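Trainee: The structure is given below, and queries will be raised subsequently.
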Amino acid sequence: MKHDEPPPVISPAEEASPPCQVACPLHTDVRGYVAAIARGDFEEGYAIAREPNPLIYVCSHVCAHPCEEECRRNQVDEPVSIAALKRFVAERHDLSLGHGPSKPAVEPKNQRVAIIGAGPAGLTAAYDLARMGYPVTIFEALPEPGGMLRVGLPKYRLPREIIDIDIKGILEAGVELKTNVRIGQDLTISELKAQGYEAIFIGIGAQQSRTLRIEGMDLDGVLLGVDFLRDVNQGKPVKLGKKVLVIGGGNVAVDVARSAVRVGNLGDEREVHMICLECREEMPAHEWEIIEAQREGIVLHPSLGPNRILGRDGKVVGLETIVCESVFDSEGRFNPSFVCNTESVIEGDTVILAIGQASDLSFIHPEDGIELTPRRTIKVDPDTLATTAPGIFAGGEVISGPGSVVGSMALGRRAAISIDAYLRGENLAKLRFAEPQKLGELPQKTVEKIKPLIREPMPLLPLEERAFNYREVELGYTPAMAMRAAHRCLTCGGGAYVDTGKCAACLTCVRVCPYDVPVIKDGAAFIDPTQCQACGVCASECPAKAITMKLYSEDQLYQEIEALFATAPASNPEPFIVGFCCLYCAYAGDEWAESVRAQLPPNVRTLDVFCTSRIDIQHLLRAFELGADGVFVAGCVGEECRHTDKAVNRIQGKVQFVKEVLNQVGLGGDRLALYNIPSAEWGTVPRIAQEMAERVRTLGTNPL
Amino acid sequence: MKAGSNLEKVLTAGYFAATGELGPPQSADTAVIEKKAGYLKGYVDAVNITDCQTAVVRMSSMAVAVMLLRLGLEPTMQMTCRDRNRIAIQSDLLGAAALGIKNLLCLTGDHQVFGNHPTAKNVFDLDSMQLLSMVKGLRDDRRFQCGDEVKGPEPRFFIGAAANPFADPFDFRPYRLAKKAKAGADFIQTQIVFNVPKFREYMKRVVDLGVHEQCYILAGVAPIKSFGAARYMATKVPGMDVPDEIVQRMKATPKEKQAEEGIKVCVEVIQQVREIPGVAGVHIMAIEWEESVAEITAQAGLLPRPAV
Amino acid sequence: MIIAEQKPLDEIKSMIADYQKVLILGCGTCVTICFAGGEKEVGALASALRMATRLDGQNKEFIEATVQRQCEYEFNEEVADLIEEADVVLSLACGIGVQTMNEQFPNKLTLPGLNTAFLGQPVEQGVWDERCQACGDCVLYLTGGICPIARCSKSLLNGPCGGSQNGKCEVNPEIDCAWQLIYDRLQALDRLDLMMEVKPAKDWSTSRDGGPRKIVREDLRLTFVEEKQS
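What follows is the structure, encoded as structure tokens:
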């Protein structure tokens, strides 16, 4: 997150970030890690995804992934499965390599910071501050850290060992954790100050279920959602009947309902119902959560308000409901209106309320100087998250109300930046946070030129295996699935950029672009990042070398070629073959670059490119110059190219040109071959490599 | 009389003219010229001497023309713009006139890529139209192209030009002929006519424009020696229009009779074009088959040639 | 625009045979646009020459640079250090750039890596057609905007000659007959009258035939005022 002063001047489009990155409260470089996965660089993908996110393992399971909602592929077909890809890299990551980036070399600081609450906000703030060099201590009321992650989220969504992985990484960054310390009870804020903490961050979350003032709340069998989840998650005994009525339509309500299905392992003997004010379409829970709940047999009763809880002998026997015709009034305020004489009864022996949460702010004393809002949240400066008490900051659900994990993390991060500024004596009033600018929507003419690609389905635990246990439902991608999923990324904003000083306005880019993006503006090429699909054909064709790809540039490919020769086997009798393989179409089925490379003999090396359109004549020449005995390019056949047939035609011309140069040089053009592989034959790279080796053997070794 | 050549006299006297053609050798051989001249003498009114036709180096057109004069034939010296600028051309014209040459055919000339020196630099300082103007200016205005006066006897030529009725754009061809007449052409020799209907249409338009009254138009004709030659001319020679029926007729003829048939076709063409209004004669291009001219002219009833 | 193409590699090799350190100097204007001497071509040629000379057992060094316009001193000055360092300069500019370099750096030989071909139009990606012969006396107003000097094989002013067939030139069926194009255009414009007049012999003195040409605009010269004062 940037905190510049004055706010940075962001030029339109050129500096705009991909919508996924902007949508992510942590502004994760989604495009970057998806591209790394697309190349099979899974560890690189992990590193990019982890960089801003100390709770990457947690997020890889439960992130609400607003990124996918903003994904511009929605305009074409369905979003890139970003969440599943994050989980893929996290699961695949070798933790022996460490959790995240090594600690930056910063001057250790001596101002101590106290963090109240080890939830997503507190953990993030603590992690960031520790990396800035501050001694940080987290005070957690419960025996284990994690906050609502541990006691709120059901295990079938978030296995507890997942939380432990991230916590371990955070603690390794130098954060001190004190559990079983409830601020307000074991220690007051004043005492914290007295102990020498110069800044305090309050991140206690919203862990109190809101209740209803209706008849029957005192009946046996009425439970509060947060308490229910906490007890279930902590393994405490829960008294649950056989017909459970969950009131609420949000994500917590769904968690409650789906957990209720699992408690006691009763199978079909227990019915679970959800009753909510909102109509089905307006239910606030994520759609995919609702669908999974229904698959598990949970019965939905939308558009119903709880009128009273019916009891007999002090025990719940049902819920009287009334039809709700609207939840919000014309001014958008929560003000449900009910239809008279529509009362009906849903029988049940347990009622669980999951209609919202609030924070328990009883630990704040007037002398602390921390003002509250009428909504019973802590009042903060929306930019700096400073409370009305100097040195005390707050973030997470305690200021926002119930929200997402990643949203709370972002607030924790913002607080950390403010705390740092505060401790360095900066004027907080001047601290302003600039949100990144979002790349605009795809114009319709571009949408029409983008080929739809099927979203890689996520393998799920079979239904019959899920309802009665806490096993995770989503099973995760295989490497090949992950690469296919990542290939769908449009690489928004990662495409071509023009050095107008070099541009000769030759119109080549204008002519070769399969998406008709470049135009000549003010005497030089202008490639609108909103439209660019990052095929790279313009960059590889530009005679002035004025165009560079932002993500995986031409220079990077040169470096990869050089690197490949740096590790070439010395004095190998076999011909040394270099293959340029299109990531989109050279591999198939359950293979990916790494698995293919493993099949290749040491004398054959491949380089993966995002479409052969990215290869330019100098790349091919360079490989020969460095001593390749043979070079092949493996791409698709024209009409199957991801970027229309223009791209393939271009590589044909380039290969032809280089062959001619090789003839003139005296090496012989036959050392270079282009393979246009029809999709039915994708995955034939090893065979091509073999064939190429045979061919080159008859030509002899490259004398260079 | 503009130049007083035999050809000019034949045409102005109203006779149906017949001219021939002689290609100089690619050597300094005089005997072959004498031999070819022998085939033509007495059968035609004048003989064109080509100027390095198809851009192949041959003996100078002026030199061969002088040899013909000595042999008692009337030459029509051909002059192209390919190899000479306006200075060289005018110089040659003064010399040719001094040596007694009276007919001059003005051509742009074949591009050097067709010849045996395709890497040569070409000149094309003038085009045929401008050459005609220049020759006419020398004769009628007694002025060089630059405007200077010719001090002394001016070169006087009966000025000829070529026309190809079969080249594109067809609609413009009659107008281009008119331009040549306007530029100074006294007589025209056309590309070889095989497609008589098309030529007839062309001549109709020429007559409508009144061009036949400004210059004498001689239809080009030629005998075809074989089926192979017919096919070659039909497909390989730009600007040549050989109807398929003639190619088929040659094909249907036994090989040993093909030469005879070719002469017959030529005679038929002569007889047909003679009936077309505005046609003042024929130009028989029997290149490398000069001995056929005697028979063609005899069969076509063009003999004896008038003595004027 | 000036259209050029690279010389054959063998010819370039023999030109640089006696030199060890070669600066390959591209030009960022016309020859970049026609894919003959821009930064990309400089790189490709350097690569090809490194390979070719190594195959010949030589160990030459090639330096790469591209200036914005090699026909201007100021741009070339920017790479003066590299020029100084090199034994010879292999220019991938047009003949103008090569000569500018030789004039500007008299102690360093600059060799031509390109054949400057013609003044032409990029009619499609990868295809360039000659359009102007710089005759110095434009006749396009008489010919429907189609130049017979540059585009007629014989530069006729009173075409088309008898070799025009199906819109093509007799010299090469790839060449459009310029005069057919002119005829069609004038017909479409209802200006065929322009073809009816015999156009007189052209004044070629403004063309190359008049010797090397020069244009001087005294008013633009920076010495203008001073000269008038002195």
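If you read the protein sequences in the order shown, they are chains A, B and C. If you want our numbering, it's the 1-based position in the first sequence plus 693. If you want our numbering, it's the 1-based position in the second sequence plus 24. If you want our numbering, it's the 1-based position in the third sequence plus 116. Heads up, the beta-carbon is just placed ideally off N, CA and C, and yes, glycines get one too. All figures in this text were calculated on a predicted structure; none of them were measured in a lab.
I want to see whether chain C comes within less than 8 Å of D164(B), judged by CB atoms only; does it?
Mentor: no
Trainee: Report yes if the CB atom of V1230(A) is closer than 8 Å to the CB atom of C1206(A), and no otherwise.
Mentor: yes
Trainee: For chain C, find out if any of its Cβ atoms is closer than 8 Å to the Cβ of A243(B); answer yes or no.
Mentor: Chain C, which has no Cβ nearer than 8 Å to the Cβ of A243(B), makes this no.
Trainee: Specify, as a first and last residue, the run of the alpha helix (DSSP H) that G244(B) falls within.
Mentor: Here G244(B) belongs to no alpha helix (DSSP H); instead the beta strand (DSSP E) covers 240-245.
Trainee: Between the beta-carbon of T1081(A) and the beta-carbon of E1064(A), is there less than 8 Å?
Mentor: A contact, by the Cβ cut-off of 8 Å.
Trainee: Kindly indicate which three-state DSSP category H966(A) falls into: helix, strand or coil?
Mentor: strand
Trainee: Measure the alpha-carbon distance for A1189(A) versus E1255(A) and round it to whole angstroms.
Mentor: 23 Å
Trainee: Residues of chain C with CB under 9 Å from R1204(A), in chain order?
Mentor: E240, Q241
Trainee: I'd like to know whether the C-beta of N188(B) is nearer than 8 Å to at least one C-beta of chain C.
Mentor: yes
Trainee: When the cut-off is 8 Å and only beta carbons count, does T148(C) lie next to chain A?
Mentor: Using a CB distance cut-off of 8 Å, T148(C) counts as an interface residue toward chain A.
Trainee: Which two residues bound the contiguous beta strand (DSSP E) that contains Y890(A)?
Mentor: DSSP places Y890(A) inside the beta strand (DSSP E), whose first and last residues are 890-895.
Trainee: So, with DSSP's three-state summary, where would you put V332(C)?
Mentor: coil
Trainee: When the cut-off is 8 Å and only beta carbons count, does F151(C) lie next to chain A?
Mentor: yes
Trainee: With a threshold of 8 Å, are at least 3 pairs of Cβ atoms found where one atom belongs to the segment 116-123 of chain B and the other to the segment 79-90 of chain B?
Mentor: The segment 116-123 of chain B makes contact with the segment 79-90 of chain B: 3 or more CB pairs, one atom from each, lie closer than 8 Å.
Trainee: Relative to the C-alpha of A818(A), which residue among I741(A), I897(A), A1316(A) is closest?
Mentor: I897(A) is the residue among I741(A), I897(A), A1316(A) whose C-alpha sits nearest the C-alpha of A818(A).
Trainee: Could you tell me whether the Cβ atoms of V915(A) and V1044(A) are closer together than 8 Å?
Mentor: Closer than 8 Å, so yes.
Trainee: Sort E157(C), L165(C), C146(C), A120(C) by Cα distance to N1356(A) and report the nearest one.
Mentor: Comparing Cα positions, the closest option is L165(C).
Trainee: Would you grab the beta carbon distance between Q296(B) and V220(B) for me? Rounded to a whole angstrom, and I think it's under 8 Å.
Mentor: About 5 Å separates the CB atoms of Q296(B) and V220(B); that is less than 8 Å, so the two are in contact.
Trainee: What three-state label does DSSP hand W1375(A) in the structure shown?
Mentor: coil
Trainee: Would V1032(A) and V1020(A) qualify as a contact pair, given that the criterion is a beta-carbon distance under 8 Å?
Mentor: no
Trainee: Could you tell me which residues DSSP puts in a beta bridge with D913(A)?
Mentor: In DSSP, D913(A) forms a bridge with K1008(A).
Trainee: From S1030(A) to D1209(A), what does the alpha carbon distance come to, in whole angstroms?
Mentor: Taking the straight line from one Cα to the other gives about 53 Å.
Trainee: Can you check whether the C-beta of V195(C) is within less than 8 Å of a C-beta belonging to chain D?
Mentor: Looking at the structure shown, chain D is missing, and the protein chains on hand are A, B and C.
Trainee: On the premise that G275(C) lies in contact with C268(C), defined as a C-beta separation below 8 Å, what is that separation, rounded to the nearest angstrom?
Mentor: 6 Å
Trainee: Output the boundary residues of the alpha helix (DSSP H) element that contains W1457(A).
Mentor: The question about residue 1457(A) has no answer, for chain A in this structure spans 694 to 1397.
Trainee: When you compare the CB of L150(B) with every CB in chain C, is at least one pair closer than 8 Å?
Mentor: With 8 Å as the cut-off, L150(B) counts as an interface residue toward chain C.
Trainee: By the criterion of Cβ-Cβ separation under 8 Å, what are the contact partners of P316(C) in chain B?
Mentor: Q154, S157
Trainee: If we ignore side chains and look at the alpha-carbon of each, how far apart do P198(B) and G234(B) end up?
Mentor: Just so you know, the alpha carbons of P198(B) and G234(B) end up roughly 10 Å apart.
Trainee: So what does DSSP say about L297(C), is it helix, strand or coil?
Mentor: helix
Trainee: So with CB distances below 7 Å, who are the chain C contacts of I1310(A)?
Mentor: The answer, in chain order, is A160.
Trainee: Would you kindly work out how many angstroms separate the C-alpha atoms of N282(C) and E225(B), rounded to a whole number?
Mentor: Rounded to the nearest angstrom, the two C-alpha atoms are 19 Å apart.
Trainee: Is the number of C-beta pairs between the segment 776-789 of chain A and the segment 1170-1186 of chain A that are closer than 8 Å three or more?
Mentor: yes
Trainee: For the candidate residues R903(A), V949(A), D913(A), L938(A), whose alpha-carbon lies nearest to that of V925(A)?
Mentor: V949(A)
Trainee: What span of residues does the beta strand (DSSP E) with T216(C) cover, start to end?
Mentor: Taken as a continuous stretch (DSSP letters only), T216(C) belongs to no beta strand (DSSP E), being part of the alpha helix (DSSP H) at 211-220.
Trainee: Would you identify the three-state DSSP class for E1267(A), choosing helix, strand or coil?
Mentor: For E1267(A), the secondary structure class from DSSP, reduced to helix, strand or coil, is coil.
Trainee: Taking only runs that begin and end inside the segment 1130-1196 of chain A, name each unbroken beta strand (DSSP E) of 3 or more residues, in chain order.
Mentor: 1189-1191
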